[in-house]
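In our numbering, the protein residues as written are 3 to 330. Just so it is clear, CB atoms sit at the ideal spot from N, CA and C, and this is done for glycine as well. Note that this is a predicted model, so its numbers are computed, not measured. Some notes on the structure that comes next.
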């Protein structure tokens, strides 16, 4: 164990402590006795008593460094403030609406320690994301997601897949690269697309980003924005247009495309190592998502199936039975 942590978890809190930050902190109890890890808790100007609850939580757990903000700095501003306090070689940005299943923190550490130097950003898989990080669990109560994720992590695929962009519900970034890029751009206001912008800036700077298939973090999704109503959609539209202006070559691929990309990587790995139990289980999950995500339009659905005909054939030859883990 080192005396200086090499991994800094930055948890951004905003209101509703009992339903977001509190439960998230409880799942990170493993950080308390881990000298490799520090936990930085930032309250982003909460006015509902959550800031006081954060202070109390920090006082009860010496591993937590508490940094309250006087006003809401937005997602980018709040995370930038937290990372400025970090000491680790890696910083992991954590949304308050996430839960770390049993074994997730250890799996994250193992994944980061195995990363080659050219990889500067690592995203875990989850139940709710907008890219290939998503492993959907339709019909499953959110309370059951962490247990499913914990079970999935016991079957190690060893798969790390390059990604076009990374969702920032939970993401690990080399701190030196974060500093090189100047952190998140606050031009995106309260939030949305600042993670996409950072992903493209990171790519442009020559760094790689990947999805770590063996690290699962549960995600509620949009907990900080759900109370905005119509303003939430206005913010999304505004920031999407801003992305187009800042990155003229940007492409917004559907989540189904990201899932298919990872599924192809699973098949390719199996061609080299053979179909292990872990690869079969994960391929079954992603194959179920491949079918579940099909376009509603008959024409688009036919075109989607044609595009993935070789992938489907490979899965059939391998005897992969498409199914979600909770329906197995």
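Counted within 10 angstroms of its Cβ, other Cβ atoms place residue i as buried (16 or more) or exposed
{"i": "residue 287", "result": "buried"}
{"i": "residue 3", "result": "The pLDDT assigned to residue 3 is 41, lower than 50, so where the model puts this residue is not dependable; a value taken from the coordinates is nonetheless given after this. So residue 3 counts as exposed."}
{"i": "residue 119", "result": "exposed"}
{"i": "residue 235", "result": "exposed"}
{"i": "residue 5", "result": "exposed"}
{"i": "residue 271", "result": "buried"}
{"i": "residue 275", "result": "exposed"}
{"i": "residue 301", "result": "exposed"}
{"i": "residue 168", "result": "buried"}
{"i": "residue 262", "result": "buried"}
{"i": "residue 92", "result": "buried"}
{"i": "residue 239", "result": "exposed"}
{"i": "residue 45", "result": "buried"}
{"i": "residue 40", "result": "buried"}
{"i": "residue 151", "result": "buried"}
{"i": "residue 17", "result": "buried"}
{"i": "residue 281", "result": "buried"}
{"i": "residue 111", "result": "buried"}
{"i": "residue 284", "result": "buried"}
{"i": "residue 247", "result": "exposed"}
{"i": "residue 209", "result": "buried"}
{"i": "residue 141", "result": "exposed"}
{"i": "residue 308", "result": "exposed"}
{"i": "residue 53", "result": "buried"}
CB contact flag (residue i, residue j, <8 Å)
{"i": "residue 216", "j": "residue 104", "result": "no"}
{"i": "residue 265", "j": "residue 304", "result": "no"}
{"i": "residue 318", "j": "residue 277", "result": "no"}
{"i": "residue 256", "j": "residue 202", "result": "no"}
{"i": "residue 258", "j": "residue 312", "result": "no"}
{"i": "residue 12", "j": "residue 85", "result": "yes"}
{"i": "residue 269", "j": "residue 211", "result": "no"}
{"i": "residue 47", "j": "residue 74", "result": "yes"}
{"i": "residue 66", "j": "residue 43", "result": "yes"}
{"i": "residue 137", "j": "residue 222", "result": "no"}
{"i": "residue 290", "j": "residue 161", "result": "no"}
{"i": "residue 63", "j": "residue 19", "result": "no"}
{"i": "residue 139", "j": "residue 326", "result": "yes"}
{"i": "residue 187", "j": "residue 78", "result": "yes"}
{"i": "residue 163", "j": "residue 98", "result": "no"}
{"i": "residue 242", "j": "residue 166", "result": "no"}
{"i": "residue 7", "j": "residue 34", "result": "no"}
{"i": "residue 24", "j": "residue 191", "result": "no"}
{"i": "residue 88", "j": "residue 177", "result": "yes"}
{"i": "residue 183", "j": "residue 204", "result": "yes"}
{"i": "residue 279", "j": "residue 157", "result": "yes"}
{"i": "residue 175", "j": "residue 122", "result": "yes"}
{"i": "residue 155", "j": "residue 198", "result": "no"}
{"i": "residue 148", "j": "residue 220", "result": "yes"}
{"i": "residue 61", "j": "residue 27", "result": "no"}
Cβ distance (whole Å) where residue i is taken to contact residue j below 8 Å
{"i": "residue 189", "j": "residue 134", "result": "The pair is not a contact, with the Cβ atoms about 26 Å apart (cut-off 8 Å)."}
{"i": "residue 173", "j": "residue 107", "result": "Contact flag wrong, Cβ pair sits at about 15 Å."}
{"i": "residue 90", "j": "residue 9", "result": "5 Å"}
{"i": "residue 159", "j": "residue 218", "result": "The pair is not a contact, with the Cβ atoms about 11 Å apart (cut-off 8 Å)."}
{"i": "residue 171", "j": "residue 131", "result": "7 Å"}
{"i": "residue 14", "j": "residue 81", "result": "6 Å"}
Bridge partner(s) assigned by DSSP for residue i
{"i": "residue 162", "result": "214"}
{"i": "residue 167", "result": "Partner(s): none; residue 167 has no beta bridge."}
{"i": "residue 46", "result": "71"}
{"i": "residue 40", "result": "10"}
{"i": "residue 176", "result": "92"}
{"i": "residue 221", "result": "100"}
{"i": "residue 15", "result": "45"}
{"i": "residue 66", "result": "41"}
Cutoff 8 Å: residue i Cβ touching any chain D Cβ
{"i": "residue 85", "result": "Chain labels in this structure do not include chain D; a single protein chain is all it has."}
Which runs of the alpha helix (DSSP H) spanning at least 4 residues fall entirely within the stretch 79-151, listed in chain order? If we require 4 residues or more, the alpha helix (DSSP H) runs fully inside the stretch 79-151 come out as 106-115.
Can you check the stretch 264-322 for any beta strand (DSSP E) of at least 3 residues that lies completely inside it and give the ranges in chain order? With a minimum length of 3 residues, no continuous beta strand (DSSP E) run stays inside the stretch 264-322.
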